[in-house]
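Peer 1: Quick note: the sequence shown, position 12, residue 26 per the working numbering, numbers continuous.
This is the structure I have questions about; it appears just below.
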Amino acid sequence: MSHISGIGLNDRKDRIMKEFPSLQKFQELLEEIIDEIPAEFFNELSGGIILMDQVKFHTESKPKQPLCIMGEYHRTVLGCQIRIYYGSFKHVYNNIEPKDLYGRLKETVIHEFTHHLEYRAGLKDLEIKDKKRIESYRTKH
């Protein structure tokens, strides 16, 4: 099962043109954020946090207003894992200020950890909220 996080639409016009960080620099940002997370949050996250290079579009994505998946929480018989999509961040936030990129990445990581913690607690609040966001997107686009 996967969950959508930090869904992004590349529609902001007010960003300042910057060069997007390399995959290696982005990994370093991700590691800074991970280092801030309490160790107990990683319990039962056997697959860890993986940085994926590709852009991932949601199955509901519309051509005129693409819907990117920024991160996902996966549960399989092999365990739980968080995936962060570098390509999606680059696609959506290619002109963003570095401090704002850090904030968006941290927001996504926290979102995915929330899915993980809710799953462990038997809750589905964020999963329901994500489904409502997709439904809103579907009706607007």
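Every residue gets a Cβ at the ideal spot worked out from N, C-alpha and C, and that includes glycine.
Considering only the beta carbon of each residue, do I96 and Y87 sit closer than 8 Å?
Peer 2: At the C-beta level, I96 and Y87 come within 8 Å of one another.
Peer 1: Which word fits K27, buried or exposed, when buried means at least 16 other C-beta atoms lie within 10 angstroms of its C-beta?
Peer 2: Bear in mind that the predicted position of K27 carries a pLDDT of just 47, short of 50, making it unreliable; the figure below should be weighed with that in mind. Classification for K27: exposed.
Peer 1: Between the Cα of F127 and those of L115, K113 and A53, spot the shortest distance and give me the residue it belongs to.
Peer 2: A53
Peer 1: Going along the chain, which residues of its own chain have a beta-carbon closer than 6 Å to the beta-carbon of M31, five neighbours each way excluded?
Peer 2: Low confidence applies here, because M31 scores a pLDDT of 47, under 50, leaving its location unreliable; read the following figure in that light. The residues are N109.
Peer 1: Considering only DSSP beta bridges, list what G136 is partnered with.
Peer 2: None; G136 has no bridge partner.
Peer 1: Can the beta-carbon of F55 be found closer than 8 Å to that of L131?
Peer 2: yes
Peer 1: Measure the C-alpha to C-alpha separation of C94 and A135 and round it to an integer number of angstroms.
Peer 2: 14 Å
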